[in-house]
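**Student:** Residue numbers (our numbering): 4 to 329. Think of the CB as a built atom: it goes at the ideal place given N, C-alpha and C, for glycine as much as any other residue.
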Ligand code: PMV
């Protein structure tokens, strides 16, 4: 059987940084994110008796042996669960070209989870899909449900999954993804998560996060953008303070990143409602409400150093589509 799935990348407002269980990819804290409409992965999986191994193709990208092995290992786990013996042909394509510094593991493993389980005849619930995607790549579990998504940290594999707390239409936010770096990450998030406890700020972050979570969710529910944006930005800085004080330290920003951060602070003093958040990379996610989008875009377009901008609205999660990649 052949199946194609589409899954969005997501941007974390409350960040996942550090695990309580490496093997099961259980996070040290719950996290909260928004699915991105214009940054997504399409994946087609077909099981075929004529194959004597799994065939993995990435359209328009060269992929390392390590990445291919990770996908094959993940497919094997789904295969043994399904009871199907035949191998799979997998083709995958990102809406964002590799080399733009956008992490593709969340959308990639979410799309692969849905396409592979469907192709192998497994009809899983959203919760089961989210758990499975988490085992591929932690933040991928948040790309399964629709819109605005909470990943409950849980204490076991069965209790650590993501669910939607609001549909994409709940709040017309915009995430202007400013691509400022065309390089791949030097240090993978897998290695980064492993080093968190070496940061002297780590324990304090863990204690502080419960309060951040409730304040952020309150501002979100009230659609109080000024409050929400400030909490999101502070939370981003808190995670980066941990990253930068880990051993070895992880410093992901470049000079355009910090220039943008400064500009955004400055625009706010002029009364413009705009905030930012940054994941494990140099790219800046500029956040505003849709009613202020053209004003913010006008300001961003006046800056140099940004290679590309992608305007994202909240989007639905992973779903099956009818058009196949082969
Ligand atoms: O899912 P991973 O292992 O790529 O980790 C994601 C880590 C951050 O992007 C920095 C934060 C997050 O919650 O997405």
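Closest to residue 258 by C-alpha separation, out of 182, 64, 17, would be which residue?
**Tutor:** The option with the nearest alpha carbon to residue 258 is 182.
**Student:** How many Å lie between residue 115 and residue 10 at the Cα?
**Tutor:** Roughly 9 Å between the two C-alpha positions.
**Student:** Quick check: the Cα distance between residue 218 and residue 176, rounded to an integer number of angstroms?
**Tutor:** Looking at the two C-alpha atoms, the distance is approximately 18 Å.
**Student:** Inspect the beta-carbon positions of residue 44 and residue 5 and report whether they are closer than 8 Å.
**Tutor:** Not a contact, by the Cβ cut-off of 8 Å.
**Student:** Relative to the alpha-carbon of residue 91, which residue among 98, 97, 83 has its alpha-carbon at the smallest distance?
**Tutor:** Ranking the options by Cα distance to residue 91, first place goes to 83.
**Student:** Cβ-heavy atom distance between residue 279 and the ligand PMV below 7 Å?
**Tutor:** Not under cutoff, so the answer is no.
**Student:** For the 8 Å Cβ check, are there 3 or more pairs between the segment 299-308 and the segment 192-206?
**Tutor:** With the cut-off at 8 Å, the segment 299-308 and the segment 192-206 do not touch.
**Student:** Which same chain residues end up closer than 8 Å to residue 89 when comparing Cβ atoms and leaving out the 5 residues on each side of it in sequence?
**Tutor:** Cβ within range, chain order: 50, 51, 52, 54.
**Student:** Since residue 161 and residue 179 should fall inside the 8 Å C-beta cutoff, what is the C-beta to C-beta distance between them, to a whole number of angstroms?
**Tutor:** Residue 161 to residue 179, Cβ: 37 Å. No contact.
**Student:** Between the C-alpha atoms of residue 290 and residue 87, what's the straight-line distance to the nearest angstrom?
**Tutor:** For residue 290 and residue 87, the distance between alpha carbons rounds to 44 Å.
**Student:** Looking at residue 42 and residue 286, is the spacing between their C-beta atoms short of 8 Å?
**Tutor:** Cβ atoms of residue 286 and residue 42: not closer than 8 Å.
**Student:** Alpha carbon to alpha carbon, how far is residue 241 from residue 248? Give it in angstroms, no decimals.
**Tutor:** So the alpha carbons of these two residues sit roughly 11 Å apart.
**Student:** Just list the residues that DSSP pairs residue 24 with in beta bridges.
**Tutor:** BP columns for residue 24 point to 29.
**Student:** The ligand PMV and residue 34: does the residue's C-beta get closer than 7 Å to at least one heavy atom of that ligand?
**Tutor:** Checking every heavy atom of the ligand PMV against the Cβ of residue 34, one is found closer than 7 Å.
**Student:** Measure from the alpha carbon of residue 163 to the alpha carbon of each residue in 77, 129, 170, then state which is nearest.
**Tutor:** Out of 77, 129, 170, 129 has the C-alpha closest to the C-alpha of residue 163.
**Student:** In terms of residue numbering, what span does the alpha helix (DSSP H) encompassing residue 221 cover?
**Tutor:** Where residue 221 is concerned, the enclosing alpha helix (DSSP H) stretches over 205-224.
**Student:** Alpha carbon to alpha carbon, what distance is there between residue 243 and residue 274?
**Tutor:** Distance between the alpha carbons of residue 274 and residue 243: 26 Å.
**Student:** Could you tell me how far apart the beta carbons of residue 143 and residue 112 are, in whole angstroms, since I believe they sit closer than 8 Å?
**Tutor:** Correct: roughly 4 Å between the Cβ atoms.
**Student:** Quick check: is any heavy atom of the ligand PMV less than 7 Å from the C-beta of residue 19?
**Tutor:** Yes, the ligand PMV has a heavy atom inside 7 Å of this Cβ.
**Student:** My output table needs one value for residue 41: the three-state DSSP class, helix, strand or coil.
**Tutor:** Correct three-state label for residue 41: strand.
**Student:** For residue 146, is the beta carbon positioned less than 7 Å from some heavy atom of the ligand ADP?
**Tutor:** The ligand ADP is not among the ligands present in this structure, which contains only the ligand PMV.
**Student:** Taking C-beta to C-beta, are residue 40 and residue 293 nearer than 8 Å?
**Tutor:** Contact flag unset, no.
**Student:** Can we count residue 44 as close to the ligand PMV, meaning its CB is less than 7 Å from some heavy atom?
**Tutor:** Outside the cutoff, so no.
**Student:** If you reduce the DSSP assignment to three classes, tell me which class residue 113 lands in.
**Tutor:** Helix.
**Student:** Is there contact between the segment 53-73 and the segment 205-219, where contact requires at least three CB pairs shorter than 8 Å?
**Tutor:** No: the two stretches stay apart, fewer than three of their Cβ pairs being nearer than 8 Å.
**Student:** Expressed to the nearest angstrom, what Euclidean distance is found between the alpha-carbon atoms of residue 59 and residue 75?
**Tutor:** So the alpha carbons of these two residues sit roughly 8 Å apart.
**Student:** Can you say whether residue 171 is buried or exposed, counting buried as having 16 or more other CB atoms within 10 angstroms of its CB?
**Tutor:** So residue 171 ends up on the buried side.
**Student:** Under 8 Å between the Cβ atoms of residue 276 and residue 231?
**Tutor:** The answer is no: Cβ separation not under 8 Å.
**Student:** Within the present structure, is the beta-carbon of residue 108 separated from the nearest heavy atom of the ligand PMV by less than 7 Å?
**Tutor:** Under cutoff, so the answer is yes.
**Student:** Quick check: does the Cβ of residue 116 come within less than 7 Å of any heavy atom belonging to the ligand PMV?
**Tutor:** Checking every heavy atom of the ligand PMV against the Cβ of residue 116, none is found closer than 7 Å.
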